[in-house]
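A short worksheet on the structure shown next.
2 protein chains.
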Amino acid sequence: MPKDRSPTRIQKKNRAAILEAALDVFSTHGFRGSTVDQIAKAAGLSKPNLLYYFPSKEAIFNELMAELLGTWLDPLRALDPEGEPLEEILAYVQRKLQMSRDFPRESRLYANEIVQGAPRLHEVIAGDLSDLVEEKAQLLQSWMDAGKINRAHPKHLLFSIWSLTQHYADFDVQVRTLMGEEDPFDAAPEYLETLYRRMLTPKG
Amino acid sequence: MPKDRSPTRIQKKNRAAILEAALDVFSTHGFRGSTVDQIAKAAGLSKPNLLYYFPSKEAIFNELMAELLGTWLDPLRALDPEGEPLEEILAYVQRKLQMSRDFPRESRLYANEIVQGAPRLHEVIAGDLSDLVEEKAQLLQSWMDAGKINRAHPKHLLFSIWSLTQHYADFDVQVRTLMGEEDPFDAAPEYLETLYRRMLTPKG
DNA sequence: CGTGAGTTTGACCAGTTGGTCAAATCCCGT
DNA sequence: ACGGGATTTGACCAACTGGTCAAACTCACG
Numbered sequence: 737m738p739k740d741r742s743p744t745r746i747q748k749k750n751r752a753a754i755l756e757a758a759l760d761v762f763s764t765h766g767f768r769g770s771t772v773d774q775i776a777k778a779a780g781l782s783k784p785n786l787l788y789y790f791p792s793k794e795a796i797f798n799e800l801m802a803e804l805l806g807t808w809l810d811p812l813r814a815l816d817p818e819g820e821p822l823e824e825i826l827a828y829v830q831r832k833l834q835m836s837r838d839f840p841r842e843s844r845l846y847a848n849e850i851v852q853g854a855p856r857l858h859e860v861i862a863g864d865l866s867d868l869v870e871e872k873a874q875l876l877q878s879w880m881d882a883g884k885i886n887r888a889h890p891k892h893l894l895f896s897i898w899s900l901t902q903h904y905a906d907f908d909v910q911v912r913t914l915m916g917e918e919d920p921f922d923a924a925p926e927y928l929e930t931l932y933r934r935m936l937t938p939k940g
Numbered sequence: 737m738p739k740d741r742s743p744t745r746i747q748k749k750n751r752a753a754i755l756e757a758a759l760d761v762f763s764t765h766g767f768r769g770s771t772v773d774q775i776a777k778a779a780g781l782s783k784p785n786l787l788y789y790f791p792s793k794e795a796i797f798n799e800l801m802a803e804l805l806g807t808w809l810d811p812l813r814a815l816d817p818e819g820e821p822l823e824e825i826l827a828y829v830q831r832k833l834q835m836s837r838d839f840p841r842e843s844r845l846y847a848n849e850i851v852q853g854a855p856r857l858h859e860v861i862a863g864d865l866s867d868l869v870e871e872k873a874q875l876l877q878s879w880m881d882a883g884k885i886n887r888a889h890p891k892h893l894l895f896s897i898w899s900l901t902q903h904y905a906d907f908d909v910q911v912r913t914l915m916g917e918e919d920p921f922d923a924a925p926e927y928l929e930t931l932y933r934r935m936l937t938p939k940g
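Sequence lines, in order, name chains A and L.
Under the numbering used here, the first residue of the first sequence is numbered 737, with each subsequent residue one higher.
Under the numbering used here, the first residue of the second sequence is numbered 737, with each subsequent residue one higher.
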């Protein structure tokens, strides 16, 4: 294990390579389906060498998860109480969709965890995420009460946004296979914008 | 391996118990994350005894998958070209949602596979599923052309239905944690009905 | 250069896993 | 109750996996 002095050039490079490789491997095979050897090879290192930089397979996973969760919720946090309600929501949808396009591995890593019962994420979900959802659900509710957007169950509204946008990352293989030549991300932004505009625009 | 004569009472019982146990285990740990011992114990058998009924772990998985795929697409097949368009779609959404409530393990099993790149499912997706989607997408398109429902990309419309309904099974842990006491399936049917009604009801 | 910390690796270990096999036991029809 | 096929199991194996370790090598820096 490298000393926790300021990291050397080599340490920075290798730790980054390991995390990058681990993201690839974990997101496509899940935690238990991935082997340290696989990650090491993908990072261009030997297994003992990899374990020189991280104390264990789980440590790699945890660091990856922590890194991911830090940025994953940013789009939701950015939902602005001062903004124009409908436009705020539509912008949130588009930000989320863009994350599915730009960081599909992160999305799949998260999906893998949740589908399997989130054994390593329960605290975060019940903690930070829950607080944030509660806050934003109230914001949505207040917008509905003020007649700025149509009424709908606020939490289900949030779930639907997550579901629809992350679907393009998590089910990428299926979506692309069924779309053939057409790139799913060509029509997706417009489809989702239309969907939420029709759903939420107040009826005169 | 039992002879392929007509199965005995014991064979029927044990094969059923194994598949039931395997569905439980595979859907929560994925293929590689599950062990034969785990499945055997969950089925109340010893490992060698389980392997007396199925030649391998993969054979169990394949049988489970084949069984699943048979019924998974029935709701979509039932989309009736002769029916009232909007009501047909809304009924499809509700059927799909009900499947997420009644067979969440099947949904998660499928999700696990797709998220991990569908290594064992590519043919089915590119084959039967693709044909069915093509057919139903055209049906939706014809309903739009006839002005029976609002315009939207037909395939993305189908994706959104799958995504929204299966989310309640696949992300069950997250959804339930964030909803607290409230049962997600209380409000979900109405939320989805509202969503698709607002989206698809033709504007005068 | 040289020297010591930083880096890399081959060999190794213990636990797990999918799967086999012969022997033991159970069950059913006669 | 008994014979033979159906069922069950303990013991076992080879491959794999996460992780260790001491020895070797490399690099930055005086």
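Positions of the beta carbon are idealized from the N, C-alpha and C atoms, including for glycine.
Local Cβ density within 10 Å of residue i, reported as buried at 16 or more and exposed below that
i, result
"residue 871 of chain A", "exposed"
"residue 891 of chain A", "buried"
"residue 874 of chain A", "exposed"
"residue 745 of chain L", "exposed"
"residue 863 of chain A", "exposed"
"residue 849 of chain A", "buried"
"residue 867 of chain A", "exposed"
"residue 847 of chain A", "buried"
"residue 922 of chain L", "exposed"
"residue 742 of chain A", "exposed"
"residue 888 of chain L", "buried"
"residue 896 of chain L", "buried"
"residue 770 of chain A", "buried"
"residue 766 of chain A", "buried"
"residue 906 of chain L", "buried"
"residue 908 of chain A", "buried"
"residue 795 of chain L", "exposed"
Interface flag, residue i vs chain A, CB-CB below 8 Å
i, result
"residue 872 of chain L", "no"
"residue 895 of chain L", "yes"
"residue 869 of chain L", "yes"
"residue 807 of chain L", "no"
"residue 924 of chain L", "yes"
Per-residue contacts from residue i into chain A (C-beta, under 7 Å)
i, result
"residue 862 of chain L", "913"
"residue 847 of chain L", "851"
"residue 927 of chain L", "888, 889 and 892"
"residue 899 of chain L", "899, 900 and 903"
Residue i: contacting residues in chain L (beta-carbon distance under 8 Å)
i, result
"residue 866 of chain A", "913 and 914"
"residue 930 of chain A", "888 and 935"
"residue 909 of chain A", "850, 853, 854, 858 and 861"
"residue 764 of chain A", "852 and 853"
"residue 906 of chain A", "847, 850 and 851"
Closer than 8 Å at the beta carbon, the chain A residues around residue i
i, result
"residue 759 of chain L", "By Cβ distance, chain A contributes nothing, its closest Cβ being about 14 Å from residue 759 of chain L, past 8 Å."
Neighbouring residues, chain L, relative to residue i (Cβ below 9 Å)
i, result
"residue 837 of chain A", "None at all; the shortest Cβ gap to chain L is about 14 Å."
"residue 768 of chain A", "765, 766, 768, 769 and 770"
is_contact[residue i, chain L] using C-beta, thresh 8 Å
i, result
"residue 844 of chain A", "yes"
Worksheet item: When the Cβ atoms of the stretch 912-926 of chain A are set against those of the stretch 749-760 of chain L, are three or more pairs found closer than 8 Å?
Response: Segments in contact, no.
Worksheet entry | Stretch pair the stretch 832-850 of chain A + the stretch 802-815 of chain A: three plus CB contacts closer than 8 Å | The answer is yes - the stretch 802-815 of chain A touches the stretch 832-850 of chain A, with three or more Cβ pairs under 8 Å.
Worksheet item: Would you call the stretch 849-862 of chain L and the stretch 876-895 of chain A touching, i.e. three or more CB-CB distances under 8 Å?
Response: Because the criterion of three Cβ pairs below 8 Å is not met, the stretch 849-862 of chain L and the stretch 876-895 of chain A do not touch.
Worksheet item: Just checking, does the stretch 826-833 of chain A make contact with the stretch 773-787 of chain A on the three C-beta pairs under 8 Å criterion?
Response: A contact is defined here as three or more CB-CB pairs under 8 Å, and the stretch 826-833 of chain A fails this definition with respect to the stretch 773-787 of chain A.
Discussion item. At 4 residues or longer, what runs of the alpha helix (DSSP H) sit wholly inside the stretch 858-938 of chain L?
Written reply: With a minimum length of 4 residues, the continuous alpha helix (DSSP H) runs that stay inside the stretch 858-938 of chain L are 866-881, 890-906, 908-915 and 920-936.
Practice prompt. Check whether the stretch 794-805 of chain L touches the stretch 813-821 of chain L, counting contact only when three or more Cβ pairs, one atom from each stretch, lie closer than 8 Å.
Written response: No, they do not touch.
Discussion item. For the pair the stretch 828-837 of chain L and the stretch 895-902 of chain L, tell me if three or more CB-CB distances fall below 8 Å.
Written reply: Remark: three or more beta-carbon pairs, one from each stretch, lie closer than 8 Å, so the stretch 828-837 of chain L and the stretch 895-902 of chain L are flagged as touching.
Fill in: Runs of beta strand (DSSP E) wholly within the stretch 776-801 of chain A (minimum 3 residues, chain order)
Listed in chain order, nothing qualifies, since the stretch 776-801 of chain A has no complete beta strand (DSSP E) run of 3 or more residues.
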